[in-house]
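**Q** Let me begin by handing over the structure; questions about it come next.
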Amino acid sequence: KHLEGLTELEQAKADEWWQRMKEEGGIDRFDKKEQKARKESERYIDLATAEHTDARNVGAEWLCKQTIDKLGLEEFLRDQGWSNHSIHTALSALIIRTVYAVSERSSYYYLRDNSAAAELYTGSQDWTPGINALYKVTDKLYELKEKIERHLCNVTDNLFNIDNKLMLFDLTNFYFEGSKRESKKAQFGRSKEKRSDCKLLVLALCINKEGFIRYSSILEGNTADPKSLPDMIDTLADRNPVQKEKSLIVMDAGIATGENLNLIKAKGYNYLCVSRTKLKDYTLSEDHKSVMVKDARKQTITLNKVHTEGEDYYLEITSPSKAMTESSMNKLWRERFETELKKINDGIAKKGGTKLYEKVVERTGRAIQKYPSIARYYAIDYIRNEEKPKEMLRVDWKLKDLSAIESGHGVYFLRTNVETLDERTTWDYYNLIREIECTNRQLKTDLNLRPIYHQTDDRSDAHLFFGLLAYWVVNTIRCQLKREGESCYWTEIVRRLSTQKLVTTEGRNPLGDIVQMRQCSNPSKQATAIYDKLKLKYAPFRKIKICRTQSP
Numbered sequence: 045k046h047l048e049g050l051t052e053l054e055q056a057k058a059d060e061w062w063q064r065m066k067e068e069g070g071i072d073r074f075d076k077k078e079q080k081a082r083k084e085s086e087r088y089i090d091l092a093t094a095e096h097t098d099a100r101n102v103g104a105e106w107l108c109k110q111t112i113d114k115l116g117l118e119e120f121l122r123d124q125g126w127s128n129h130s131i132h133t134a135l136s137a138l139i140i141r142t143v144y145a146v147s148e149r150s151s152y153y154y155l156r157d158n159s160a161a162a163e164l165y166t167g168s169q170d171w172t173p174g175i176n177a178l179y180k181v182t183d184k185l186y187e188l189k190e191k192i193e194r195h196l197c198n199v200t201d202n203l204f205n206i207d208n209k210l211m212l213f214d215l216t217n218f219y220f221e222g223s224k225r226e227s228k229k230a231q232f233g234r235s236k237e238k239r240s241d242c243k244l245l246v247l248a249l250c251i252n253k254e255g256f257i258r259y260s261s262i263l264e265g266n267t268a269d270p271k272s273l274p275d276m277i278d279t280l281a282d283r284n285p286v287q288k289e290k291s292l293i294v295m296d297a298g299i300a301t302g303e304n305l306n307l308i309k310a311k312g313y314n315y316l317c318v319s320r321t322k323l324k325d326y327t328l329s330e331d332h333k334s335v336m337v338k339d340a341r342k343q344t345i346t347l348n349k350v351h352t353e354g355e356d357y358y359l360e361i362t363s364p365s366k367a368m369t370e371s372s373m374n375k376l377w378r379e380r381f382e383t384e385l386k387k388i389n390d391g392i393a394k395k396g397g398t399k400l401y402e403k404v405v406e407r408t409g410r411a412i413q414k415y416p417s418i419a420r421y422y423a424i425d426y427i428r429n430e431e432k433p434k435e436m437l438r439v440d441w442k443l444k445d446l447s448a449i450e451s452g453h454g455v456y457f458l459r460t461n462v463e464t465l466d467e468r469t470t471w472d473y474y475n476l477i478r479e480i481e482c483t484n485r486q487l488k489t490d491l492n493l494r495p496i497y498h499q500t501d502d503r504s505d506a507h508l509f510f511g512l513l514a515y516w517v518v519n520t521i522r523c524q525l526k527r528e529g530e531s532c533y534w535t536e537i538v539r540r541l542s543t544q545k546l547v548t549t550e551g552r553n554p555l556g557d558i559v560q561m562r563q564c565s566n567p568s569k570q571a572t573a574i575y576d577k578l579k580l581k582y583a584p585f586r587k588i589k590i591c592r593t594q595s596p
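Per our numbering, the sequence shown starts with residue 45, numbered consecutively.
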């Protein structure tokens, strides 16, 4: 190529040198040096232009995402014919429900503004499922309830090598805010949160000793404990065929009616429960030996095998601390009951008070009904007014036998149909019932399943089941950690991981290009310890994007 301003001789020399450089590879070496210099320049950012944007929470989300992968939920939903969009919506919403314990509506704002849950599935910062999609996906998941529970049971059994030799049964209830006029299941009942003003739903649960759900059912709010057991047993027998070594079902006294215990035996299971009544005619077994153990509050209790008529075997539990509690409670009930009776007499003596014989008897009956456990120890006499036979003169009362009230304090009995259980094993097995109390705590407190604001049964059922799915994720994490010696609650795990963020760092390099880097902050020491115990990765990805602003 002819260069302007050169003489013919200078042009000839230039052509000669150009040709020589081409033949000796000088041009290629120059290009390589230029490319190397460009690549090195791309790596450097002018600190004056650097800024951090779009920071999102990722620590607990990344922990949940890896746990959901272990549970195989993504593959399961894909096998059910779900699209990628529906799967990503469901699982990112499940992460939000697990970490933040918020409603479907609030989940949308967390996904949009605060959390990297959706980005973990799609890799995009711009995608957020809509509010309607979040409601619909929980309904679709509830339609697969039976299949999902079977899948999760199989996965966790294999993951933790669980034999399901022990099953724990219990019922708990959840209260509603609002009238719930459109609901058939929501009924007034005995609220364990003392919300007698609210309608309830009852959740029946069967879990194994590791805390994983084997059966769940959402029942009407006025369902009594004993009535719930037959369906639970039938479903359990279907999912867990009786093995050579029968499974042991542990339950509290509320469910353990004689009829239900017979049903459990008929289905091929063994049982262990608190006796609904205190034994009266019994003796200590001939080979008995008193065993001293500590209860959950580190108080000493005594265990004795006893002999009584019948096929079942009983263990007498004697707890001095429980005796003191029962004694003080009985004293309180006595004071309150006698106060009610004094009010009745005050009403008789008062001008304009209740004096009619029938009304006074009725009022006394209400007091007896209010304090039945203590009223049965009183002899009550109704003294009619001789001058006015239709009116009551006074009500007299006295204790029949004070020793009868005090006897049996601090003593209760465990009942089982398994002869081979020794004292300590029987006690240890029964105390596993605390595992289901822990489950209820996580559902109601850590995962905030109460109160329920939905007004239809379908939405309420879907809401509760979605909470149970979140519990599966939490319990999978906590079960692994407990095996590594870490037993903290879920809220504490979330707190430790909350310091890890996903952030975009942006700046200009010496070439004038905009460089964007999307990566996670390093986990703290506490978060790293959790990742290590669970054998999980510290971070999901690291992305670099270069936006060219000028031609090379």
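No residue lacks a Cβ here, since even glycine has one placed at the ideal position from N, Cα and C.
#1: Can you round the beta-carbon distance between T398 and G409 to whole angstroms, since I take them to be within the 8 Å contact cut?
#2: So, for W441: in the same chain, excluding its five sequence neighbours on each side, which residues have a beta-carbon less than 8 Å away from its beta-carbon?
#3: Which parts of the segment 295 to 321 are runs of the alpha helix (DSSP H), unbroken and 4 residues or longer, counting only runs that do not cross its ends?
#4: Measuring only the C-alpha atoms, how far is L578 from L525?
#5: Check W171 in the structure and name its three-state DSSP category.
#6: Tell me whether V441 sits in a helix, a strand or coil according to DSSP, three-state version.
#7: Rounded to the nearest angstrom, how far is the Cβ of L203 from that of K114, given a contact under 8 Å?
#8: Hey, R540 and A571 are a contact pair by Cβ (cut 8 Å); roughly how many whole angstroms apart?
#9: How many angstroms separate the CA atom of D170 from the CA atom of T142?
#10: Rounded to the nearest angstrom, how far is the Cβ of V294 from that of L359, given a contact under 8 Å?
#11: Can you tell me which of the three DSSP states R562 falls into?
#12: Give the secondary structure of K288 by DSSP, where H, G and I count as helix, E and B as strand, and everything else as coil.
#13: Are the segment 332 to 343 and the segment 300 to 309 touching by the rule of at least three beta carbon pairs closer than 8 Å?
#14: By the DSSP assignment, the alpha helix (DSSP H) with K191 in it spans what residues?
#15: Does the segment 451 to 471 come into contact with the segment 411 to 419, if we say contact requires no fewer than three beta-carbon pairs (one atom in each stretch) closer than 8 Å?
#16: Taking contact to mean at least 3 C-beta pairs separated by less than 8 Å, is the segment 456 to 474 in contact with the segment 310 to 322?
#17: Need the endpoints of the alpha helix (DSSP H) that A99 sits in, please.
#18: Looking only at its chain, what residues have a beta carbon closer than 7 Å to the beta carbon of A160, apart from the 5 residues adjacent to it on each side?
#19: Using only alpha-carbon positions, find the residue among D557, M373, L580 that is nearest to P567.
#20: Is the beta carbon of L155 less than 8 Å from the beta carbon of S136?
#21: Just tell me which of V199, I480, G174 has its CA closest to the CA of F120.
#22: Can you name, in chain order, every residue of its own chain whose Cβ lies under 7 Å from the Cβ of K288, other than the five neighbours on each side?
#23: Please state the DSSP three-state secondary structure of S147.
#24: I'd like to know whether the C-beta atoms of Y152 and L178 end up nearer to each other than 8 Å.
#25: With three or more beta-carbon pairs closer than 8 Å as the criterion, would you say the segment 428 to 448 touches the segment 460 to 469?
#26: Out of curiosity, what's the CA-to-CA distance linking M561 and L164?
**A** Based on what the coordinates show:
#1: That pair is no contact at about 13 Å.
#2: E382, L385, Y422, A423, I424, D425.
#3: The segment 295 to 321 contains, as complete alpha helix (DSSP H) runs of 4+ residues, the segments 302 to 310 (chain order).
#4: Straight across, the Cα-Cα distance linking L578 with L525 is about 7 Å.
#5: Looking at W171 - three-state DSSP - the assignment turns out to be coil, as it is neither helix nor strand.
#6: For the sequence presented, residue 441 should be read as Trp rather than Val. Note: W441 maps to strand in three-state DSSP.
#7: Their Cβ separation, rounded to whole angstroms, is 7 Å, which keeps L203 and K114 in contact under 8 Å.
#8: That belief holds up - the Cβ atoms of R540 and A571 are roughly 5 Å apart, short of 8 Å.
#9: A direct Cα-Cα distance of roughly 22 Å separates D170 from T142.
#10: The pair is not a contact, with the Cβ atoms about 13 Å apart (cut-off 8 Å).
#11: Three-state DSSP puts R562 in a strand.
#12: Since pLDDT at K288 reaches only 48, below the 50 mark, its modelled position is unreliable, and the value read off the structure follows with that caveat. Coil.
#13: Because the criterion of three Cβ pairs below 8 Å is not met, the segment 332 to 343 and the segment 300 to 309 do not touch.
#14: Annotation: the continuous alpha helix (DSSP H) that includes K191 extends over 189 to 204.
#15: The segment 451 to 471, when compared against the segment 411 to 419, does not touch it at the 8 Å Cβ threshold.
#16: Using a C-beta cut-off of 8 Å, the segment 456 to 474 makes contact with the segment 310 to 322, since at least three inter-stretch Cβ pairs fall below that distance.
#17: Here A99 belongs to no alpha helix (DSSP H); instead the beta strand (DSSP E) covers 95 to 101.
#18: Contacts found: R100, N101, V102, E105, L546.
#19: The candidate whose alpha carbon is nearest that of P567 is L580.
#20: In contact: L155 and S136 (Cβ atoms closer than 8 Å).
#21: Of the candidates V199, I480, G174, the one whose C-alpha sits nearest the C-alpha of F120 is V199.
#22: Only weak support exists for where K288 lies, its pLDDT of 48 falling under 50; the value from the coordinates is given anyway. Closer than 7 Å at the Cβ level, and outside the excluded window around K288, lies no residue.
#23: If DSSP states are grouped into helix, strand and coil, S147 belongs with coil.
#24: Taking 8 Å as the Cβ cut-off, Y152 and L178 qualify as a contacting pair.
#25: Three or more beta-carbon pairs separated by less than 8 Å are not found between the segment 428 to 448 and the segment 460 to 469, which leaves the two stretches without contact.
#26: When the Cα atoms are used, M561 and L164 turn out to be separated by approximately 16 Å.
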